[in-house]
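Count the sequence shown with UniProt numbering and you get residues 1 to 282, in order. Ideal Cβ placement from N, Cα and C applies to all residues, glycine included. Just below is one structure, and these are the notes that go with it.
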Amino acid sequence: MTENKNVKDLKRDELGVFLRDRGIPYASRNKEDRLVLASIAEKRNVPLKSSVDDDLKTIIEERKKKMVLEDGLIKLPDPVKMLAGWEKTFINFPNTSATDVEDYIKLCAENHNVQTKGIKSTKEGESLYLSGHVTGVEYHRISPNISYCYIKAIVARQKAQTQAPYSVWIILHKRTGKVENAYCNCPAGLRGHCKHCVSLLHFIVRQIEAGCNKACTSKPQEWHKPHAQGKRVTQPDFVRNLVVKKVTGRFDTTPEDLKKREINQDWHLTLEQFATEKKKHC
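What follows is the structure, given as structure tokens:
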């Protein structure tokens, strides 16, 4: 076992194992070069690199913790295993505000000692949302007896968009709209405030600000408001000034047909002009 030997007593291949177990890259096949790296690692007490199985167990355990709320009193089901009950409408979204999102990101940044205080993920998350990377948004109330709900989505990667997108889910309080937790299967997703989680939070807030979680009868009347573009579709005018348009001929589309016929010919006649022409021919 290399652990019980001094690095100076290790053979070349054993030095390679020693370095590899600690995640130290090496390219040289020379024993002396490997010995130099191993000696430095030994002096610095470089720990053994955790195995893939250990990393996977950590991810699974941390992910489960996100579904445990109110000091262990509430244990939510895994959203991935919930195959039925998802809604593609936003009518039941809680009233989560931009302030709720900011408070959640700040809290996550403090818990994970993030130097940027979540500012970077906030900007990048908003950019992903504005770029249309958030799709497949669905809501699940979990249970009428539980005060929390899930909102999940698929978020495309920022750069490698041809690769598989990330899956994101967020836990919100139904009554207060508070962001309780979030998860993404990206490398930084366990923190709960990666740019993909934040992009979904931006999506939720924008939908709520637009009133998408309110029924039509709950919204104020908008009869007095102008057209969406701020202009009337038609302008008021007297009947005598209306223009009567008439289309004659066949709707032929080939160049040969267009040469033979004059199609789509408009008659611009007011009602007074029409009456005058009628007297001439009667």
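Alpha-carbon to alpha-carbon, residue j and residue i
{"i": "Ser97", "j": "Lys66", "result": "21 Å"}
{"i": "Ser143", "j": "Thr99", "result": "26 Å"}
{"i": "Val17", "j": "Arg44", "result": "17 Å"}
{"i": "Arg20", "j": "Lys31", "result": "14 Å"}
{"i": "Lys178", "j": "Gln161", "result": "31 Å"}
{"i": "residue 300", "j": "Ser127", "result": "In the structure as shown, the chain starts at 1 and stops at 282, and residue 300 therefore has no counterpart that could be examined."}
{"i": "Arg157", "j": "Glu61", "result": "25 Å"}
{"i": "Trp169", "j": "Val36", "result": "47 Å"}
{"i": "Asn181", "j": "Arg29", "result": "48 Å"}
{"i": "Asp9", "j": "Pro25", "result": "21 Å"}
{"i": "Pro94", "j": "Arg175", "result": "6 Å"}
{"i": "Leu172", "j": "Tyr148", "result": "6 Å"}
{"i": "Ser121", "j": "Val46", "result": "31 Å"}
{"i": "Leu48", "j": "Asn185", "result": "25 Å"}
{"i": "Asn111", "j": "Ile119", "result": "15 Å"}
{"i": "Lys75", "j": "Thr89", "result": "25 Å"}
For residue i, the three-state DSSP class (helix, strand or coil)
{"i": "residue 283", "result": "Nothing about residue 283 can be reported from this structure: the residues present for the chain run from 1 to 282 only."}
{"i": "Val247", "result": "Residue confidence for Val247 is low, a pLDDT of 42 falling below 50, so the modelled location carries little weight and cannot support an answer."}
{"i": "Asp252", "result": "Confidence at Asp252 is low in this model, with a pLDDT of 46, below 50, so its placement is unreliable and the value that follows should be read with caution. In the structure shown, Asp252 sits in coil (DSSP, three-state: anything other than H, G, I, E or B)."}
{"i": "Ala182", "result": "strand"}
{"i": "Ala98", "result": "helix"}
{"i": "His140", "result": "strand"}
{"i": "Val17", "result": "helix"}
{"i": "Met58", "result": "Per the sequence presented here, residue 58 reads as Thr, with Met not at that position. If DSSP states are grouped into helix, strand and coil, Thr58 belongs with the helices."}
{"i": "Val122", "result": "Note that residue 122 is Thr in the sequence shown, not Val. Reduced to three states, the DSSP call for Thr122 is helix."}
{"i": "Val114", "result": "coil"}
{"i": "Val205", "result": "helix"}
{"i": "Val7", "result": "helix"}
Nearest-angstrom Cβ-Cβ length linking residue i and residue j, presumed shorter than 8 Å
{"i": "Val155", "j": "Val134", "result": "6 Å"}
{"i": "Ile59", "j": "Leu190", "result": "6 Å"}
Per DSSP, cross-strand counterpart(s) of residue i
{"i": "Lys75", "result": "Val68"}
{"i": "Lys170", "result": "The residue you asked about is not Lys; residue 170 is Ile in the sequence shown. Looking at the DSSP assignment, Ile170 forms a beta bridge with Ile151 and Ala182."}
{"i": "Val134", "result": "Val155"}
{"i": "Glu87", "result": "Tyr139"}
Validate contact between the segment 195-215 and the segment 164-172 using beta carbons, cut 8 Å, 3 pairs | Touching, yes, given that three or more Cβ pairs across the two stretches are closer than 8 Å.
Determine, using beta-carbon pairs with one atom in the segment 203-211 and one in the segment 68-86, whether at least three such pairs fall under 8 Å.
-> No, the segment 203-211 is not in contact with the segment 68-86.
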